[in-house]
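Below is one structure; the comments refer to it alone.
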Amino acid sequence: MSVTGLIMIGFLLVHMYGNLKMFSGPEAYDGYAHWLKEDILYPLVPHGTFIWLFRFVLLAAVVAHIWSATSLSVRTIGVRGPGYDMFKPQAQTYSERTMRWGGILIAGFIVFHLLQFTVRVIRTGFSTSAGPYEMFVDSFSLWWVFALYAVLIFLICMHIRHGFWSAFQTLGLNSSLKSRRWLNVLGIGVAVVLYIGFMLPPLAVLIGWIK
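So the sequence shown is residues 3 to 213, counted in our numbering.
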C-alpha cells in the first residue's frame, strides 16, 4: 500500500503541474494535453502508446492500493474481535481517523472525474466537441462544480497528509524522532502544495481571471 500510494502522489504532482498550464492560455494547455496523449516518448514508442501504458500502471496501482487497504482492514477487524471493553483510539489526527472512509470517497471521485473529463459521459457545461481548455473553463465556471472539487480535493489532501507519512514509516524511514518530525512536515507540505496547486486554476476560472 505504501508503494502504490507514493506512485499516486507522484501522479497527482504531475497532474497538478499540467493543470497550472491553464495560466499559460489555451494553446499551451491544449498542446500539453495533446503531447501527453499522443507524442510523449515518440519516436521511442508509437503515437498514443505511452498514455495507455501510463493508464495501465496507474490503474494497477489504484487496484493494488484498494486491495491492500481492504485486506488490512479485514485483518484488523479479525484481530480486534467483536469489540473492546474499553476503546481508546491511538490515532491523534482527523486525517488518520478517516483514512478508510476518505479512501472510499476518493475512489468515487476518481470514477466521477474520469467520466467527466476523459469519457465525457458527465458533461458539466461543455459541449461534446470541446477541447481540454474549453472543458476546464466551462466546468469550473459553474460554482457548484468548483465547490464540489474544493471539498473533494481537500479530502484527497487530508488522505495524502497522513498517507505520505505512513508510507515512509512503513518503508522504515522513521528511525528517529527527528526523521518522524521531518516526515510529518513533508506530509503536510505536500498536501498543502497539492491543494493550492489544484485549486488555483479553478478559482481563477470562477472569478474570471481565466476565460
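Yeah, the Cβ is synthetic: ideal placement off N, Cα and C, and Gly gets one too. All of these numbers come straight from a predicted model, not from anything done at the bench.
Anyone know if the C-beta pair for Pro204 and Phe166 falls short of 7 angstroms?
no
Considering Pro28, what are the terminal residues of the alpha helix (DSSP H) in which it resides?
Pro28 to His36
Within 8 angstroms, do at least three Cβ pairs link the stretch 18-26 to the stretch 188-203?
They touch, by the three-pair rule.
Would you be able to state if there are at least three C-beta pairs under 8 angstroms between the stretch 155-175 and the stretch 100-115?
yes
Which parts of the stretch 113-184 are runs of the alpha helix (DSSP H), unbroken and 4 residues or longer, counting only runs that do not cross its ends?
134-142 and 145-172
In whole angstroms, give me the CA-to-CA distance for Asp32 and Gly80.
50 angstroms
Which runs of the beta strand (DSSP E) spanning at least 3 residues fall entirely within the stretch 7-74, listed in chain order?
none
Determine, using beta carbons only, whether Val121 comes closer than 7 angstroms to chain B.
Absence of chain B from the displayed structure is noted, only one protein chain being present.
Is the stretch 38-56 touching the stretch 66-77 in the sense that three or more CB pairs, one from each, lie closer than 8 angstroms?
no
Using CA atoms only, rank isn't needed, just tell me which of Leu14, Met137, Thr6 and Ser4 is closest to Val192.
Leu14
Would you call the stretch 128-142 and the stretch 166-176 in contact, with 3 or more CB pairs under 8 angstroms?
The stretch 128-142 vs the stretch 166-176: no contact.
Does DSSP put Met201 in a helix, in a strand, or in coil?
helix
Here's a check: name, in chain order, each residue in its chain whose Cβ is nearer than 6 angstroms to the Cβ of Leu218, leaving out the five neighbours to either side.
Residue 218 lies beyond the residue range present for the chain, which begins at 3 and ends at 213; the question has no answer from this structure.
Do you know whose CA, among Tyr151, Val207, Val76 and Thr6, lies nearest Leu196's CA?
For Leu196, the closest alpha carbon among the candidates Tyr151, Val207, Val76 and Thr6 is that of Tyr151.
Would you mind sorting Ile2 into buried or exposed? The rule is 16 or more other CB atoms within 10 Å of its CB.
Because the chain is modelled from 3 through 213, residue 2 falls outside the range shown and cannot be assessed.
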